[in-house]
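I have placed the structure first, in the form of structure tokens, so that the comments after it can refer back to it.
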Amino acid sequence: MTHLIEEININGIDYTIVITFNSKTHSKAPMSIYINQQGNQEMGDYIYTISSYSTYLNNLTNNDQIKLLNQLLVKKFNVPIFLNISGDIGTTSNVELFRSIVDLVEHLKLN
Numbered sequence: 002m003t004h005l006i007e008e009i010n011i012n013g014i015d016y017t018i019v020i021t022f023n024s025k026t027h028s029k030a031p032m033s034i035y036i037n038q039q040g041n042q043e044m045g046d047y048i049y050t051i052s053s054y055s056t057y058l059n060n061l062t063n064n065d066q067i068k069l070l071n072q073l074l075v076k077k078f079n080v081p082i083f084l085n086i087s088g089d090i091g092t093t094s095n096v097e098l099f100r101s102i103v104d105l106v107e108h109l110k111l112n
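All you need for the working numbering is the position in the sequence shown, starting with 1, plus 1.
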């Protein structure tokens, strides 16, 4: 099992990202991605996506940005993904979040 905890800054906001996956055991094993704005103590939106189907496990904001981001990640990695984003991502674009997540996962897979 691969597990990463990384602190990143996007648009001047500090986040902690936790990524867990286990592609060595099964190539289609789900990936879990948790993004939390530092200092935030509330659980935000939590969504599960497999193929093109998504379901919210916790939906506080009714924000389609998270659903679209998770669908992009599922297409990129070709595995089901649990995604939790807690805190303010109001000015952060999906492109920035997507790029940050992809960079971290690809770096992990190389090592």
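Beta carbons: idealized from backbone N, C-alpha and C, even for Gly.
Remember, it's a predicted structure, so these values are computed and weren't measured experimentally.
Where DSSP assigns a beta bridge to residue i, which residues make up the other side?
i: T21; result: H4 and S33
i: D89; result: BP columns for D89 are empty, so no partner.
i: D46; result: I86
Determine the contact status of residue i and residue j, defining contact as a CB-CB distance below 8 Å.
i: I20; j: V106; result: yes
i: N64; j: D46; result: yes
i: T17; j: Q42; result: no
i: L5; j: L109; result: yes
i: K68; j: I36; result: no
i: N59; j: M44; result: yes
i: T50; j: V75; result: yes
Among the options, which residue has its Cα nearest to the Cα of residue i?
i: R100; options: I86, L73 and I82; result: L73
i: I82; options: N95, S52 and N59; result: S52
i: K77; options: T17, E8, M32 and L58; result: M32
i: I30; options: E8, V80, G13 and I6; result: Note that residue 30 is Ala in the sequence shown here, rather than Ile. Nearest of E8, V80, G13 and I6 to A30, Cα basis: V80.
i: S87; options: N23, I14 and Y54; result: I14
For the beta strand (DSSP E) containing residue i, name the first residue and the last one.
i: L58; result: Y54 to N59
Along the chain, where does the alpha helix (DSSP H) containing residue i start, and where does it finish?
i: V75; result: D65 to F78
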